[in-house]
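A.B. asks:
In the numbering used here, the protein residues as written are 18 to 413.
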C-alpha cells in the first residue's frame, strides 16, 4: 500500500491570494521572512484579507533564510501566547518551513526537536490550528509537501523533517508574488524544482500518481525556466505552477541523494552557505551519472530526456544527453559547474577535504537517501562529493 497526500484545497492563478477573505476563524498568525513581502505590499494585502474575514491578526516576521532551531522555538512561543486557529505562512521556502515546525511545537509544547527530525514521527496536528501556505518563490513547493528543512547552526547540519501531518491544509499559488523574484533566485529555485521532479520520477517510491506530475513539471520547467530567468512574466507565471506540480510529485514519491548531499553540504563550511537550489543544480548531473548504473533508473532518465525533446540512439545515449542538457541549463542560468567555483571559491578546498568523511556519513544517513535508486557506500559518497567539488564526471 502507498499513500498520496496533498492539501485539501489549492487556489491558483492571479489574485488567488484574495481567497483569504473567505477563511473561517477567529485568530490568524502570519509568518513571513525578511521584508520583500512587506515592500511589495503583499503582507498588507494578506493581513487586510484576513481582517476582512473577521479575524484578529498577529505577525511573526524576519524568518531568516535557512531557518534555525532558535527561530522555530521563538515562533512557537509567539503562537502559544496568541493562540491562533490559523497559521498563514508566506514567502519563500524558509518562512513556510519554519512555520510548519512552529506549528508542531505550538500544538505539542512538550515535544523535542529530536523527536521531530525522525522521519514520519510527528504527532497528530490540527488540534489547535490549520495551516495555509502562500509561496513567493518558484522552487521549494513546500506549500504542497510533507517536508520542511530546519538548520542547527551549532552543529552545522540541515535537518529535513518529513511527515504527512505537515502538509498544509490550504495552498495559495498566486503568480503575482513570484513576479518579484530577482534573477538569481529565479535560477536557483527553478533548478531546485527541476531536481524535485527528476528525483521524484526516478525514486524507488514512484507510482502512477506521481509519474504524470513529475514528467509534466519537467517539460514545463525545461520549456519555461530560461525565459522566466530572462524576465518573461508569462513564463514566470507558468514556472510557479510547474514547481508546485513537482512538489506534488516529490512529496509523495520522495527524493534522492542530490537532496541528501545538498542538505549536508549547505551549512557545513565556514566560508559560507551553499544555497540549496544552486547545490541541487551543481550536483544533479553527477548523480544522474551515478544512478544510471542502475538499469531501471537509466530507463527512467531516458524517458525524462525524451520528455525534454532530446534524441539519442540508446539508453546510455539518452542519459548522456540528459546530463549535457542539465549542464547547459545551468550555464544559461549562470550557475557554476562545481563547488570549487561557487561564489568565486568561498568553499575552501582544505576544509572541504577535512570534512569530507563526516559530510559523506551524514549525507548517507539523510532521510532522502532511502528512496534513491542506488544507495552509495561511504567510499562512493565521498567520491560523489569530490566529483561535485571539482566538477568531474562520475564513472562508478
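Just so it is clear, CB atoms sit at the ideal spot from N, CA and C, and this is done for glycine as well. Here the structure is a predicted model, which means the values were calculated and not measured.
Is the beta carbon of residue 176 less than 8 Å from the beta carbon of residue 284?
C.D. replies: Contact flag unset, no.
A.B. asks: Which one of 28, 266, 336, 194 has the shortest CA to CA distance from residue 309?
C.D. replies: Nearest C-alpha to residue 309: 336.
A.B. asks: Just confirm the distance between the C-beta atoms of residue 152 and residue 113, as a whole number of angstroms; I'd bet it's less than 8 Å.
C.D. replies: The Cβ separation is near 7 Å, so the contact holds.
A.B. asks: Taking the alpha carbon of residue 259 as the point to measure from, which residue in 194, 290, 108, 158 has its own alpha carbon closest?
C.D. replies: Out of 194, 290, 108, 158, 158 has the C-alpha closest to the C-alpha of residue 259.
A.B. asks: So for residue 81, helix, strand or coil by DSSP?
C.D. replies: The answer is coil: DSSP assigns residue 81 none of H, G, I, E or B.
A.B. asks: Please classify residue 372: is it buried, with 16 or more other beta-carbons within 10 angstroms of its beta-carbon, or exposed?
C.D. replies: With 16 or more other Cβ atoms within 10 Å, it is buried.
A.B. asks: Ignore the nearest five residues each way along the sequence and tell me which others in residue 32's own chain have a CB closer than 8 Å to its CB.
C.D. replies: 191, 193, listed in sequence order.
A.B. asks: With contact counted as at least three CB pairs below 8 Å, one residue from each stretch, are the region 125-134 and the region 71-80 in contact?
C.D. replies: They do not touch, by the three-pair rule.
A.B. asks: Residues bridged to residue 178 by DSSP?
C.D. replies: According to DSSP, which records beta bridges pairwise, residue 178 is partnered with 165.
A.B. asks: Using a 10 Å radius around the Cβ and a threshold of 16 neighbouring Cβ atoms, would you call residue 413 buried or exposed?
C.D. replies: With fewer than 16 other Cβ atoms within 10 Å, it is exposed.
A.B. asks: Do the region 260-270 and the region 348-366 make contact, defined as three or more Cβ pairs closer than 8 Å?
C.D. replies: Contact between the region 260-270 and the region 348-366 is absent, because fewer than three Cβ pairs lie under 8 Å.
A.B. asks: Between the alpha carbons of residue 388 and residue 54, how many angstroms are there, rounded?
C.D. replies: Between residue 388 and residue 54, the C-alpha separation is close to 35 Å.
A.B. asks: Cβ atoms of residue 115 and residue 154: under 8 Å apart, would you say?
C.D. replies: No, the pair does not count as a contact, with Cβ atoms beyond the cut-off.
A.B. asks: For the putative contact between residue 385 and residue 274, defined by C-beta atoms under 8 Å, what is the C-beta separation to the nearest angstrom?
C.D. replies: Sure, about 7 Å apart at Cβ, within 8 Å.
A.B. asks: Considering just the uninterrupted stretch of the alpha helix (DSSP H) at residue 186, what are its terminal residues?
C.D. replies: Looking at the DSSP string, residue 186 is not in any alpha helix (DSSP H), and its letter there is neither H nor E.
A.B. asks: Give the list of continuous alpha helix (DSSP H) stretches no shorter than 4 residues that lie fully inside the region 22-95.
C.D. replies: As far as the region 22-95 is concerned, its whole alpha helix (DSSP H) runs of at least 4 residues are 53-56, 59-69.
A.B. asks: Excluding the five sequence neighbours on either side, which residues of its own chain have a C-beta within less than 6 Å of the C-beta of residue 122, listed in chain order?
C.D. replies: So the list reads 93, once near-sequence residues are dropped.
A.B. asks: Please classify residue 410 as buried or exposed, where buried requires at least 16 neighbouring CB atoms within 10 angstroms.
C.D. replies: With fewer than 16 Cβ atoms within 10 Å of its Cβ, residue 410 is classed as exposed.
A.B. asks: What did DSSP end up calling residue 290 once you bin it into helix, strand or coil?
C.D. replies: Coil, per DSSP.
A.B. asks: Comparing alpha-carbon positions, which option in 233, 206, 207, 205 lies nearest residue 218?
C.D. replies: Of the candidates 233, 206, 207, 205, the one whose C-alpha sits nearest the C-alpha of residue 218 is 233.
A.B. asks: Among 209, 374, 404, 178, which residue has its Cα nearest to the Cα of residue 295?
C.D. replies: Of the listed residues, the one whose Cα sits closest to residue 295 is 209.
A.B. asks: Going by alpha carbons, who is nearest to residue 342 out of 325, 40, 330, 333?
C.D. replies: Among 325, 40, 330, 333, the Cα nearest to that of residue 342 is on 325.
A.B. asks: For the putative contact between residue 215 and residue 301, defined by C-beta atoms under 8 Å, what is the C-beta separation to the nearest angstrom?
C.D. replies: So it is a contact: roughly 7 Å between Cβ atoms.
A.B. asks: So, with DSSP's three-state summary, where would you put residue 130?
C.D. replies: Helix at residue 130.
A.B. asks: Short check: CB of residue 352 to CB of residue 165, under 8 Å?
C.D. replies: No, the Cβ-Cβ distance between residue 352 and residue 165 is not below 8 Å.
A.B. asks: Is residue 189 closer than 8 Å to residue 392 when the C-beta atoms are compared?
C.D. replies: No, the pair does not count as a contact, with Cβ atoms beyond the cut-off.
A.B. asks: Going by other Cβ atoms of all chains shown within 10 Å of its Cβ, with 16 needed for buried, is residue 21 buried or exposed?
C.D. replies: Residue 21 is exposed by the Cβ-count criterion.
A.B. asks: Tell me which same chain residues have a C-beta within less than 7 Å of the C-beta of residue 62, skipping the five on either side of it?
C.D. replies: Closer than 7 Å at Cβ, skipping near neighbours: 34.
A.B. asks: To the nearest whole angstrom, what separates the beta carbons of residue 84 and residue 111, a pair I think is in contact under 8 Å?
C.D. replies: So it is a contact: roughly 5 Å between Cβ atoms.
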